[in-house]
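Residue numbers (the numbering used here): 2 to 219.
The beta carbon of each residue, even a glycine, is placed where N, CA and C say it ideally should be.
The structure appears right after this line, and notes come after that.
See the structure below:
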């Protein structure tokens with residue numbers, strides 16, 4: 002009777018311990034999942050500071066939402082850890098921040114905002130095979146250089162310009178084609194200059210007369 006009771010107690014203790022281990026395993030996996038470092042690059046000082054700050058805030062809100070929802074499920078609930086870099090509204094600073102992020106061990110980089118920053122930063126990231134997702138920069142050159150690490154959330158200015166001109170022509174045709182001449186006014190950065198060049202070529206091909214192209218300081 003004593004031996005039987007002892008065996009029963011040992012069996013219960015062993016079974017209970019094993020059950021507790023199984024039940025706690027998901028928690029252990031979550032506890033062991035290392036955080037994923039994500040580089041967020043935005044110009045929060047300089048001429049583009051306001052836009053960059055909006056980008057930083059948006060990224061932080063998204064990261065907070067993902068972490069609050071349990072993190073990255075496919076990685077055992079790993080949390081995302083932001084590694085922030087201030088591009089200071091110029092390409093050189095953006096490249097410097099990518100170097101720092103590489104040293105920090107980021108898994109990917111998102112942001113840049115302006116096309117010149119995105120061009121330089123994604124090029125720097127490509128040296129280390131760090132995936133780079135462009136948030137806003139619309140220069141077609143960003144994704145036409147053959148960099149396998151670089152992606153973009155939205156269309157480039159080629160697609161944007163084509164859509165804008167198609168709509169302009171439809172409106173003009175519907176009104177009896179009153180508009181025949183065009184003056185293009187654009188900011189003198191990579192974005193504005195690229196748009197003006199495409200619009201000049203396309204509008205001329207459609208029969209519009211380009212009277213003047215006027216750049217203004219960014």
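Asked	Found
Cβ neighbour criterion (16 or more within 10 Å) applied to residue 57	buried
Inter-residue Cα distance where the pair is residue 42 and residue 184	36 Å
CB contact flag (residue 99, residue 60, <8 Å)	no
Reference residue 45, options 80, 207 and 91, closest by Cα	91
CA nearest to the CA of residue 76, picked from 179, 202 and 34	34
Backbone secondary structure at residue 152 - three-state DSSP	strand
Exposure of residue 115, with buried meaning 16 or more beta-carbon neighbours within 10 Å	buried
Helix, strand or coil at residue 118 according to DSSP, with G and I counted as helix	helix
Unbroken stretches of the beta strand (DSSP E), 3 residues or longer, contained in the region 21 to 89	37 to 43 and 81 to 87
Supposed contact pair residue 79 and residue 72 - C-beta distance, whole angstroms, cut 8 Å	5 Å
Where residue 176 falls: helix, strand or coil (DSSP)	coil
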